[in-house]
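Following: one structure in structure tokens, then a few remarks.
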Amino acid sequence: MATMTTPTAEAAQDVFPINGTDYIEFYVANAKQAAHYYRAAFGFQLVGYRGPETGVRDRASYLLQQDKIRFVLTTAIRPDLSPTAAAIADHVARHGDGVRDLALWVDDARDAFSKAVERGAIAVHEPRVERDEHGEVVVAAIRTYGETIHSLVERRNYTGLFLPG
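Count along the sequence shown from 1, then add 51; that gives the number in the numbering used here.
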């Protein structure tokens, strides 16, 4: 006697393959201190920085990396200077330090965004191209739970360290 299972549900289809986690961005009250903690406690390396010393006056971000794991720790310095910095400060005031963006590495950000929205995802921002001397990155974002988002990052035409800027 032969036995077999009868399929009862259609197999899930991968509508936009995710290659991996691109980075996780934390909004924190003190990015410099948080970067020190992740370096000392977990062995992350500081590989990038953006802040007043690089011409960004309203916020600071530290890019930490350990093998394929990238964390971005961002803090508002002058919330009065931009809506972005004000949103960072407000987020930290309401929630404390925490994840803002769990960015996903995809082959085609435009297609991934379109398919996600077609299936009910709420758009945060449509695909946009960011460029510098190392090429271009396409980034879109969708809302997940609460105020956390998923950025969809396509970097096939980019050779730089992280993201333009």
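From the three backbone atoms N, C-alpha and C, an ideal C-beta is built for every residue, glycine too.
Buried or exposed for A91, please, with buried defined as at least 16 other CB atoms from any protein chain shown within 10 angstroms of its CB. As a working note, residue 91 is residue 40 in the sequence shown. Flag for A91 reads exposed.
Would E205 and V157 be called neighbours here (beta carbons separated by less than 8 Å)? In the sequence shown, counting from the first residue as 1, residue 205 sits at position 154. In the sequence shown, counting from the first residue as 1, residue 157 sits at position 106. In contact: E205 and V157 (Cβ atoms closer than 8 Å).
In terms of residue numbering, what span does the beta strand (DSSP E) encompassing T72 cover? As a position in the sequence shown, residue 72 is number 21, starting the count at 1. Segment I69 to Y78, the beta strand (DSSP E) holding T72.
What's the gap between the Cα of Y209 and the Cα of V180? For the purposes of this step, residue 209 is identified with residue 158 of the sequence shown, where counting begins at 1. For the purposes of this step, residue 180 is identified with residue 129 of the sequence shown, where counting begins at 1. Approximately 11 Å, taken between the alpha carbons.
Could you work out which residue in V79, D162, I200 and E177 is closest to D65 when comparing CA atoms only? On the sequence shown, residue 65 is found 14 positions in, with the first residue counted as 1. Of V79, D162, I200 and E177, the residue nearest in Cα terms is D162.
Ordered along the chain, which non-local residues of its own chain (more than five positions away) have a Cβ less than 8 Å from that of E187? Counting from 1 along the sequence shown, the entry for residue 187 is found at position 136. Counting only Cβ-Cβ distances below 8 Å, and skipping sequence neighbours, we find V180, E181, N208, Y209 and P215.
Checking 8 Å against the spacing of the C-beta atoms, do T72 and L132 come in under that value? Indexing the sequence shown from 1 puts residue 72 at position 21. Indexing the sequence shown from 1 puts residue 132 at position 81. It is not a contact, given that the beta carbons lie outside the stated cut-off.
Any chance the stretch 183 to 201 sits against the stretch 163 to 173, with 3 or more Cβ pairs inside 8 Å? yes
Segments assigned beta strand (DSSP E), at least 3 residues, entirely inside the stretch 92 to 174: 96 to 101, 110 to 117, 120 to 127 and 149 to 157
Residue span of the beta strand (DSSP E) that contains L203, given as start and end: Residue 203 sits at position 152 when you count from the first residue of the sequence shown. Start and end: I200 to E205.
From F164, D148 and L203, pick the residue whose C-alpha is nearest to that of A80; which is it? Taking the sequence shown and counting its residues from 1, one reaches residue 80 at position 29. Residue D148 is the option with its Cα nearest to A80.
Of the residues V98, D159 and A82, which one's Cα is nearest the Cα of Q116? Residue numbering aside, residue 116 sits at position 65 when the sequence shown is read from its first letter. Ranking the options by Cα distance to Q116, first place goes to V98.
Given a cut-off of 8 Å on the beta-carbon distance, is the pair D109 and T135 in contact? Walking along the sequence shown from the start, residue 109 turns up at place 58. Walking along the sequence shown from the start, residue 135 turns up at place 84. Cβ distance < 8 Å, so D109 and T135 count as in contact.
What would DSSP say about Y209, mapped onto helix, strand or coil? Here residue 209 is taken as the residue at index 158 of the sequence shown, counted from 1. Y209 falls in the strand class under three-state DSSP.
Kindly indicate which three-state DSSP category H176 falls into: helix, strand or coil? Here the question's residue 176 lines up with position 125 in the sequence shown. It is a strand residue.
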